[in-house]
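Engineer:
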Amino acid sequence: MSTIRPRSLSALTAAAAATVLVLSGCAAGENAATDGASSDGGQTTGGTLNIDFATYNPLSLVIKENGWLEDALEDQDITVNWVQSAGSNKANENLRAGAIDVGSTAGSAALLARSNNSPIQTIDIYSQPEWSALVVGADSDITDVADLAGKKVAATKGTDPYFFLLQSLEEAGVDPADVTIENLQHADGATALSNGSVDAWAGLDPIMAGAEEDGAQLVYRNVDFNSYGFLNATEEFLSEKPDVAQTVVNAYEKAREWAQANPDETAQILADVAGLDLTVASTVIEERSNLDVDNVPGQAQLDVLSVIGPIFVESGDVASQDAVDEALDTLLEPSFAENADPSAIAG
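Read in order, the letters of the sequence shown correspond to residues -27 to -1, 1 to 320 in mature numbering (1 follows the signal peptide of the UniProt record, and there is no 0).
(1) So, helix, strand or coil for Trp55, using DSSP?
(2) Hey, could you find the ends of the alpha helix (DSSP H) Ala82 is sitting in?
(3) Do the region 216 to 234 and the region 95 to 102 touch if we need at least three Cβ pairs shorter than 8 Å?
(4) Can you check whether the CB of Pro179 is closer than 8 Å to the CB of Thr28?
(5) Under the assumption that Thr207 contacts Gly71 (Cβ atoms under 8 Å), give the Cβ distance between them as a whole number of angstroms.
(6) Could you check what DSSP says for Tyr29 in three-state terms: helix, strand or coil?
(7) Compare the C-alpha of Ala128 against each of Gly169, Ala175, Ala86 and name the closest.
(8) Taking all protein chains shown into account, decide if Ala82 is buried (16 or more other Cβ within 10 angstroms of its Cβ) or exposed.
(9) Which residue comes first and which comes last in the alpha helix (DSSP H) that contains Asp298?
(10) Assuming contact is defined by CB atoms lying nearer than 8 Å, are residue 359 and Gly110 in contact in what I supplied?
(11) Please go through the region 110 to 192 and give each complete beta strand (DSSP E) segment of 3 or more residues, from N-terminal end onward.
(12) By Cβ distance, which residues of its chain are closer than 7 Å to Leu139, with the 5 residues on each side in sequence left out?
(13) Is the CB-CB distance between Glu103 and Val126 below 8 Å?
(14) Helix or strand or just coil, what does DSSP make of residue 401?
(15) Assuming contact is defined by CB atoms lying nearer than 8 Å, are Asn67 and Asp25 in contact in what I supplied?
(16) CA-CA distance, Ala317 and Ile51?
(17) Any chance the CB of Thr17 is under 7 Å from a heavy atom of the ligand FAD?
(18) Could you pull out every residue in the same chain whose Cβ sits closer than 6 Å to the Cβ of Gln291, ignoring the five residues on either side in sequence?
(19) Could you name the residues that DSSP lists as bridge partners for Leu107?
(20) Let's test the definition: count the other Cβ atoms within 10 Å of the Cβ of Val196 and tell me whether it reaches 16, buried, or not, exposed.
(21) Can Val192 and Asp314 be called in contact, C-beta distance under 8 Å?
(22) Output yes or no for whether 8 Å exceeds the beta carbon distance between Val269 and Pro307.
(23) Put Pro215 into one of helix, strand or coil per three-state DSSP.
(24) From the DSSP output, in three-state form, read off Pro270 for me.
(25) Take the Cβ of Asn168 as the centre, count every other Cβ of all protein chains shown within 10 Å, and call the residue buried at 16 or more, exposed below.
(26) Could you please give me the residues that DSSP links to Thr239 through a beta bridge?
(27) Does the beta-carbon of Ala240 have 16 or more other beta-carbons within 10 angstroms, so that it is buried, or is it exposed?
(28) Under 8 Å by Cβ, that's how I've got Ala254 and Leu243 pegged, so tell me the actual separation to the nearest angstrom.
(29) Taking the alpha-carbon of Ser279 as reference, which of Glu230, Ser200, Arg261 has the nearest alpha-carbon?
(30) Roughly how many angstroms lie between the CA atoms of Glu38 and Val257, to the nearest whole one?
(31) Per DSSP, what kind of secondary structure is residue 343 in: helix, strand or coil?
(32) If I follow the unbroken beta strand (DSSP E) through Ala313, where does it start and stop?
(33) Taking 8 Å as the cut-off, decide whether the C-beta atoms of His159 and Ala59 are in contact.
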């Protein structure tokens, strides 16, 4: 593996640019700014922040519900446009297309995207969840991973549950070629399991917790096969609007403090957005969403991703290990998380 650096060259360039703007008052990025935005003395003015929210990322729901970004960016005349991500794969698609500036994914999905040349970097860690497991129906005779040979399993390719499935099969000595993997979006996978179209589903919370309430069983769990929750941004956004990126991370860290202090209210927000029973949402927040983690992207995440990376190559999702190694070397941009100031967000 190539030497792992904490920041890529592009990330250092972005950080340096932000420093120059603050010290010199020049508007270095104003000619390249999008959405009519301009820079004045290091502060972006005008334009739109396009950012996602997702039921698998409870902090995004807290921020959106409380309107903290809208309030924080009002004086800069920046509009906040919230876009829902149905899964990490959809967040990655929108980041690559430039439809969003900031998106939340599983760590595995972020590495996959970067390995396939998507110009994103991780600026914050929002959780260490146990959000995936292998799920079967209430009356299923499947009792372990080995029983999946010859079966149909629903999974959303490019997401943590998909890579959870591949790791589980590898651990159990089952060739993925012996399993029919139906590429379905998370909610569709739950429906397919419910109606018997598939034998098992690589599930994702909070949908998975809802399926359990309806009688589904978690046939295999392994928290070590779940990667962290990554908050990612496009390199263009980080280069042109580092001050806005910092505001986003500040809001995330305020949301972390708030959610830990108010778990019941956080569960209610999740229940309302996801259409879940409050008891199900509470299970997700209190039992499967570890928010008490170091928010700075670093070695803990690289340790997990270094195990997952070779699976990308084996499965054909990435062309070479060299591409994975380069992605590991350049994905993380810790400076925004290191400088996070939740007190900068009013509310």
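Beta carbons are placed, not taken as given, at the ideal position from N, Cα and C, and that holds for glycine. Since we're looking at a predicted model, the values are computed, not measured.
Structural biologist: In short:
(1) To locate residue 55, count along the sequence shown from 1; it is residue 82. Trp55 falls in the strand class under three-state DSSP.
(2) On the sequence shown, position 109 is the one that residue 82 refers to. Run containing Ala82: 80 to 88, per the alpha helix (DSSP H) assignment.
(3) yes
(4) Locating residue 28 in the sequence shown gives position 55, counting from the first residue. Locating residue 179 in the sequence shown gives position 206, counting from the first residue. Closer than 8 Å, so yes.
(5) What you label residue 207 is simply residue 234 of the sequence shown in a count that begins at 1. What you label residue 71 is simply residue 98 of the sequence shown in a count that begins at 1. Their Cβ separation, rounded to whole angstroms, is 7 Å, which keeps Thr207 and Gly71 in contact under 8 Å.
(6) Start at 1 with the first residue of the sequence shown, and residue 29 comes out as number 56. In the structure shown, Tyr29 sits in coil (DSSP, three-state: anything other than H, G, I, E or B).
(7) Here residue 128 refers to the residue found at position 155 when the sequence shown is read from its first residue. Checking every option, the nearest Cα to that of Ala128 belongs to Ala175.
(8) Residue numbering aside, residue 82 sits at position 109 when the sequence shown is read from its first letter. Classification for Ala82: buried.
(9) Translated into the one-based positions of the sequence shown, residue 298 becomes position 325. Segment 294 to 303, the alpha helix (DSSP H) holding Asp298.
(10) With the chain represented from -27 up to 320, any question about residue 359 goes unanswered, as that position is not in the structure.
(11) The region 110 to 192 contains these whole beta strand (DSSP E) runs: 125 to 128, 153 to 156, 173 to 177.
(12) For the purposes of this step, residue 139 is taken as residue 166 along the sequence shown, with counting starting at 1. If we look at Leu139 and ignore the five residues flanking it on each side, its Cβ neighbours are Pro149, Ile284, Ser288.
(13) Taking the sequence shown and counting its residues from 1, one reaches residue 103 at position 130. Taking the sequence shown and counting its residues from 1, one reaches residue 126 at position 153. In terms of Cβ geometry, Glu103 and Val126 do not form a close pair [threshold 8 Å].
(14) Absent from the structure is residue 401, since the part of the chain shown begins at -27 and ends at 320.
(15) In the sequence shown, counting from the first residue as 1, residue 67 sits at position 94. In the sequence shown, counting from the first residue as 1, residue 25 sits at position 52. Closer than 8 Å, so yes.
(16) Reading the sequence shown from its first residue, position 344 is the one you call residue 317. Reading the sequence shown from its first residue, position 78 is the one you call residue 51. Roughly 17 Å separates the two Cα atoms.
(17) Here there are no bound small molecules, and the ligand FAD is not part of this structure.
(18) The residue labelled residue 291 in the question sits at position 318 within the sequence shown. Looking at the sequence provided, one finds Val at residue 291 rather than Gln. Hits under 6 Å: Ser88, Phe285, Val297.
(19) Numbered from 1 along the sequence shown, position 134 holds the residue referred to as residue 107. Beta-bridge pairing links Leu107 to Ala175, Tyr193.
(20) Position 223 of the sequence shown, counting from 1, holds the residue named residue 196. Val196 should be labelled exposed.
(21) The sequence position of residue 192 within the sequence shown is 219, counting from 1. The sequence position of residue 314 within the sequence shown is 341, counting from 1. No.
(22) As a position in the sequence shown, residue 269 is number 296, starting the count at 1. As a position in the sequence shown, residue 307 is number 334, starting the count at 1. Going by C-beta atoms, Val269 is nearer than 8 Å to Pro307.
(23) What you label residue 215 is simply residue 242 of the sequence shown in a count that begins at 1. Reduced to three states, the DSSP call for Pro215 is helix.
(24) Indexing the sequence shown from 1 puts residue 270 at position 297. Three-state result, Pro270: coil.
(25) Taking the sequence shown and counting its residues from 1, one reaches residue 168 at position 195. Counting Cβ neighbours within 10 Å, Asn168 comes out exposed, since fewer than 16 surround it.
(26) On the sequence shown, residue 239 is found 266 positions in, with the first residue counted as 1. DSSP lists no partner for Thr239.
(27) Mapped onto the sequence shown, residue 240 falls at position 267. Classification for Ala240: buried.
(28) Residue numbering aside, residue 254 sits at position 281 when the sequence shown is read from its first letter. Residue numbering aside, residue 243 sits at position 270 when the sequence shown is read from its first letter. Their Cβ separation, rounded to whole angstroms, is 4 Å, which keeps Ala254 and Leu243 in contact under 8 Å.
(29) By 1-based counting over the sequence shown, the position of residue 279 is 306. Answer by Cα proximity: Ser200.
(30) As a first step, residue 38 must be located in the sequence shown, where it is residue number 65. As a first step, residue 257 must be located in the sequence shown, where it is residue number 284. Going by the C-alpha atoms only, they are around 18 Å apart.
(31) Residue numbering for the chain in the displayed model covers -27 to 320; residue 343 lies beyond these limits and cannot be assessed.
(32) Reading the sequence shown from its first residue, position 340 is the one you call residue 313. That residue, Ala313, is in no beta strand (DSSP E); it is neither H nor E in DSSP.
(33) Here residue 159 refers to the residue found at position 186 when the sequence shown is read from its first residue. Here residue 59 refers to the residue found at position 86 when the sequence shown is read from its first residue. A distance below 8 Å separates the beta carbons of His159 and Ala59.
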